[in-house]
Structures are given as structure tokens and as C-alpha cells.
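Below is one structure, written out as C-alpha cells; the observations come after it.
There are 2 protein chains.
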Amino acid sequence: MYPDSLKKLIESFKMLPGVGEKSAERMAFFVINMDEENTNFFADSIKVAKEKIKKCSICNGITDKDICDICSSDLRNKKILCVIEDPKSIFLFEKIGSFNGVYHVIDGLISPLDGIDPDDIGLEKLVNRIHNEKFEEVIIAVKPSVEGETTALYIRKILDGMNVKVTRIASGIPIGTDIEYIDSMTLERALNDRKEIE
Amino acid sequence: MYPDSLKKLIESFKMLPGVGEKSAERMAFFVINMDEENTNFFADSIKVAKEKIKKCSICNGITDKDICDICSSDLRNKKILCVIEDPKSIFLFEKIGSFNGVYHVIDGLISPLDGIDPDDIGLEKLVNRIHNEKFEEVIIAVKPSVEGETTALYIRKILDGMNVKVTRIASGIPIGTDIEYIDSMTLERALNDRKEIE
Chain A
45 MYPDSLKKLI ESFKMLPGVG EKSAERMAFF VINMDEENTN FFADSIKVAK EKIKKCSICN
105 GITDKDICDI CSSDLRNKKI LCVIEDPKSI FLFEKIGSFN GVYHVIDGLI SPLDGIDPDD
165 IGLEKLVNRI HNEKFEEVII AVKPSVEGET TALYIRKILD GMNVKVTRIA SGIPIGTDIE
225 YIDSMTLERA LNDRKEIE
Chain B
45 MYPDSLKKLI ESFKMLPGVG EKSAERMAFF VINMDEENTN FFADSIKVAK EKIKKCSICN
105 GITDKDICDI CSSDLRNKKI LCVIEDPKSI FLFEKIGSFN GVYHVIDGLI SPLDGIDPDD
165 IGLEKLVNRI HNEKFEEVII AVKPSVEGET TALYIRKILD GMNVKVTRIA SGIPIGTDIE
225 YIDSMTLERA LNDRKEIE
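Shown next as C-alpha cells:
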């Protein structure tokens with residue numbers, strides 16, 4: 045029904061997360077009405093990003109250099125390592141602005157049910173790095189799910205014997221959320237991890 | 045904070061309708077993790093669609109030919125013309141599958157408040173076409189708003205004296221919608237345009 049080139053454009057947008065048929069059609073119609081300058085900018089930015097963005101050889105974060113800006117910065121505290129599961133998390137932590145350590149991205153979470161073993165998520169590279177760079181603290185900042193907890197405990201275990209403090213970011217009730225909307229696992233955790241008001 | 049090429053990709057996605065900062069970031073991260081085959085397909089589909097898609101010289105619908113498939117088809121009833129305000133509407137009507145006439149896209153709706161006069165929306169081309177092609181019926185299928193009604197009445201008026209039936213698609217309560225959610229203008233219209241049950 046649609047002209048062929050429009051059909052392909054709609055298909056392209058449908059590849060994106062959270063974009064269904066209707067949104068893809070809306071985006072495609074919008075694009076064909078854009079200035080050619082903008083469509084060129086759009087198309088080129090896809091190709092250039094795909095070409096240039098790669099993994100930082102130290103932390104696995106994304107960068108357009110060999111070593112990312114954080115790993116190569118002299119202003120970061122190279123004694124504190126934050127372990128995350130997704131390169132995107134780096135930018136979320138950087139937005140807070142108060143963390144000054146460095147990062148290490150592991151390649152997902154341990155999930156025996158999905159056949160993902162410790163070997164599959166690059167823990168060897170992590171352990172070697174911790175061994176070589178002599179971190180004082182390793183903060184595990186993967187998500188609080190069964191897989192996340194398994195992964196955190198596993199990392200804790202393989203770091204046993206190394207002279208490093210291993211911590212886990214807190215779970216609990218998000219700031220500003222009504223308690224009535226919180227699931228019982230989170231509520232239980234929040235209760236167990238309660239802190240004394242000083 | 046983001047590498048330059050990623051920043052540009054996020055900017056690109058933010059140009060799209062309904063895409064804010066967060067969605068654009070999500071889409072950009074998704075794209076840099078796609079296969080190169082898919083990113084090439086995506087980028088090329090933008091450029092090719094922009095290059096090839098143009099207005100049908102007869103109906104102003106979108107096409108990758110000089111004359112669109114509908115205007116050039118021998119299977120369509122060339123005596124019934126459906127006037128719409130947006131090329132996209134053609135595909136919505138085609139999805140119904142029961143309309144077999146042809147279309148004409150006008151370039152928006154008359155809106156004195158926004159300074160859009162009858163001259164601005166290509167009504168001359170429409171009138172010439174109706175005059176030359178001797179349609180039996182002109183169905184006005186623009187949206188039921190103040191601007192839509194103004195435009196419909198204006199078209200009705202300038203076709204006065206031509207031997208052509210001018211109709212307007214019905215307004216009323218959408219199928220399946222609870223009456224309690226309907227605004228009073230729509231409800232009034234539905235009441236006024238009531239039909240005898242036969």
C-alpha cells in the first residue's frame with residue numbers, strides 16, 4: 045500500500061525499542077517532510093555513531109577513542125571502582141555528579157535459567173583489573189533482581205582474599221514514591237536495611 | 045558527557061515527534077548495538093525515502109512515481125472524489141478497503157486566526173480538477189473542527205453551480221466509546237444527525 049521507500053523507512057523505525065506500527069508510520073511521515081539537511085544529518089549520525097562508537101579497552105564503557113574520557117582522566121579517583129551491567133549506567137551515574145571513581149561494565153548478569161554463566165559476562169577481565177589496579181573499594185551497582193543479587197554475591201566470592209572492600213548500592217523505596225505502590229520484596233528489603241536516624 | 049557521535053545521534057532522534065530526551069537516548073543506545081547491516085538499512089532508508097517520495101501530480105498524495113498507484117489505476121471509480129487534508133489519510137481510508145474512489149489532498153485547512161486563507165491550501169487545483177474530471181460526488185473528509193467545518197463549507201460554496209453532489213463524512217460518537225467520555229459538541233452533533241432505525 046505504501047510506496048516501497050516509505051515502507052522501508054517504517055520498517056526501520058519499527059526496529060527501535062518501544063516503537064510500534066503507528067508510531068513508526070508517524071515518524072516516517074515526519075521524516076519525509078523534514079528538510080533534506082536534517083534527513084542527511086539524521087542518516088549520517090546513524091552511520092557515524094555505528095562506525096565510531098566502540099568499547100573502552102579498560103572499562104568496556106562506550107567511547108569514540110581507544111580509552112574513554114573517564115579512564116584517561118587524571119581527576120578521577122582510581123582507587124574506587126563501580127561495577128555496572130550496562131554502558132548506559134555510566135552516564136546515569138555521571139549525571140548525579142557526586143561519584144568520582146571509575147567504572148567497569150560487565151557483559152550482563154549471571155542467569156542460570158537463561159544459560160548465562162559467570163564465564164559469559166567477562167568477570168575474568170574484571171578480576172584481573174581489580175588485581176592489577178589495586179582498588180580499595182569495589183561498588184557493585186547492578187540492578188536488584190535475582191540475577192543481580194546472584195552476580196553481586198558471585199563477584200563478592202571471587203574477590204575473597206584480595207585486600208578490597210566490596211559494597212552494594214542500597215535497595216529500598218525510591219524518593220517521593222508512595223509506599224502503597226511498592227512491591228513487598230522491596231518493602232521487606234527497605235525494612236531490613238533500615239538505618240538509625242542520627 | 046556522551047561521545048560526540050552519540051550526542052548527534054540522540055539529537056537526531058529528538059527531532060522526531062513524541063520523542064523526548066530519555067527515549068532518544070534509549071533509541072541511540074539501541075542503534076549503536078545494532079548490526080551494521082541494520083544501521084546501514086536504517087540510514088539508507090532515510091535518505092532514499094527523502095529522495096524518492098514526492099507528491100502525486102494529480103492528487104497531491106505521496107508516491108515514488110509521477111502519478112500515484114491510485115490515480116493511475118483502472119480499477120478505481122473516477123467519479124467519486126474524497127477530499128482530505130493530509131496525505132497520510134489516504135492510507136487510513138485504504139486500510140478500510142471499502143472506498144473505491146480517488147483522493148485529493150488539500151494543503152491544510154482554512155484558518156483565519158492563523159492567517160491561512162483559501163488561497164493557501166490549493167483549492168484552485170481542487171476546483172480545476174473537479175471541473176475537468178466531471179466527478180459525480182465529492183466527499184469532504186477533513187477533520188470535524190472549526191477549521192474543518194469552515195473549509196468544508198467554503199468548498200461547498202465554490203462548487204455551487206457545478207453539477208456535483210458534495211457530501212461530508214459523519215461526525216458522532218466513535219464505535220465502542222462510552223458516552224460519558226464524549227464532549228458536548230460531539231454529543232450535540234450526534235443527536236442532531238440522528239438516523240431513523242429501519
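Sequence order for the protein chains is A and B. Position 197, counted from 1, in the first sequence is what our numbering calls 241; the numbers after and before it change by one each time, with no gaps. Position 155, counted from 1, in the second sequence is what our numbering calls 199; the numbers after and before it change by one each time, with no gaps. Don't be surprised by glycine CBs; every beta carbon is placed ideally from N, CA and C.
Coil, strand or helix - residue i by DSSP
i, result
"Lys122/A", "coil"
"Ile128/B", "strand"
"Val186/B", "coil"
"Ile160/B", "strand"
"Ser155/B", "strand"
"Glu191/A", "helix"
"Lys109/B", "coil"
"Lys201/B", "helix"
"Lys99/B", "strand"
"Phe181/B", "The residue asked about is misnamed: residue 181/B is Glu in this sequence, not Phe. Three-state result, Glu181/B: strand."
"Ile134/B", "helix"
"Lys223/A", "A small fix is needed here, since residue 223/A is Ile in this sequence, not Lys. Helix at Ile223/A."
"Lys239/B", "coil"
"Ile8/A", "The structure shown has nothing for residue 8/A, since chain A only spans 45 to 242."
Alpha helix (DSSP H) segment containing residue i, residue limits
i, result
"Arg212/B", "First-last for Arg212/B: Lys209 to Arg212, but that is the beta strand (DSSP E), not the alpha helix (DSSP H)."
"Val171/B", "Leu167 to Glu177"
"Val75/A", "Glu65 to Ile76"
"Leu80/B", "Here the sequence assigns Glu to residue 80/B, which means Leu is not the residue at that position. Start and end: Glu80 to Lys96."
"Leu53/B", "Asp48 to Lys58"
"Thr230/B", "Ser228 to Asn236"
Beta-carbon spacing of residue i, residue j below 8 Å
i, j, result
"Gly152/A", "Ile140/A", "no"
"Ile184/A", "Val149/A", "no"
"Val171/A", "Ile202/A", "yes"
"Arg120/A", "Ile114/A", "yes"
"Ile106/A", "Leu167/B", "no"
"Glu191/A", "Ile217/A", "no"
"Thr83/A", "Lys91/B", "yes"
"Ile128/A", "Val63/A", "no"
Residue i versus residue j: straight-line alpha-carbon distance, rounded
i, j, result
"Ser189/A", "Lys96/B", "48 Å"
"Phe57/B", "Val75/B", "11 Å"
"Phe143/A", "Glu180/A", "15 Å"
"Arg70/A", "Tyr147/A", "39 Å"
"Phe85/A", "Lys132/A", "23 Å"
"Arg173/B", "Gly145/B", "14 Å"
"Asn207/B", "Asp163/B", "23 Å"
"Ala87/B", "Ile219/B", "40 Å"
"Ser215/A", "Ile124/A", "20 Å"
"Ala93/B", "Tyr198/A", "50 Å"
"Glu138/A", "Ala68/B", "18 Å"
"Lys98/A", "Met59/B", "25 Å"
"Leu235/A", "Met45/A", "58 Å"
"Lys109/A", "Asp204/A", "34 Å"
Terminal residues of the beta strand (DSSP E) in which residue i lies
i, result
"Leu147/B", "The amino acid at residue 147/B is misidentified as Leu; the sequence shows Tyr. Taken as a continuous stretch (DSSP letters only), the beta strand (DSSP E) holding Tyr147/B covers Val146 to Val149."
Cβ of residue i within 8 Å of any chain C Cβ
i, result
"Lys96/A", "The displayed structure is made up of protein chains A and B, and chain C is not among them."
### Message
Output needed in chain order: residues of the segment 99-120 of chain B with a Cβ under 7 Å from some Cβ in chain A.
### Response
Within the segment 99-120 of chain B, the residues whose Cβ lies closer than 7 Å to some Cβ of chain A are Ile106, Thr107 and Asp108, listed in chain order.
#### Entry: chain B contacts made by the segment 139-165 of chain A, where a contact means CB separation under 8 Å
Interface annotation for the segment 139-165 of chain A against chain B: Lys139, criterion Cβ-Cβ distance under 8 Å.
### Task
Select from the segment 65-92 of chain A all residues with a C-beta closer than 8 Å to any C-beta belonging to chain B, and list them in chain order.
For the segment 65-92 of chain A, residues whose beta-carbon sits nearer than 8 Å to a beta-carbon of chain B comprise Ser67, Glu69, Arg70, Met71, Ala72, Phe73, Phe74, Val75, Ile76, Met78, Glu80, Asn82, Thr83, Asn84, Phe85, Phe86, Ala87, Asp88, Ser89, Ile90, Lys91 and Val92.
### Query
Taking a cut of 7 Å between CB atoms, which residues from the segment 123-136 of chain B lie near chain A?
Taking 7 Å as the Cβ-Cβ cut-off against chain A, the residues of the segment 123-136 of chain B that qualify are Lys132 and Phe135.
### Query
Just by C-beta distance, which residues in the segment 207-228 of chain A are closer than 9 Å to chain B?
Listed by position along the chain: nothing, the set is empty.
### Task
Using a Cβ-Cβ cut-off of less than 8 Å, give me the residues of the segment 45-62 of chain B that come near chain A, in sequence order.
Within the segment 45-62 of chain B, the qualifying residues are Met45, Tyr46, Pro47, Asp48, Ser49, Leu50, Lys52, Leu53, Glu55, Ser56, Met59, Leu60, Pro61 and Gly62.
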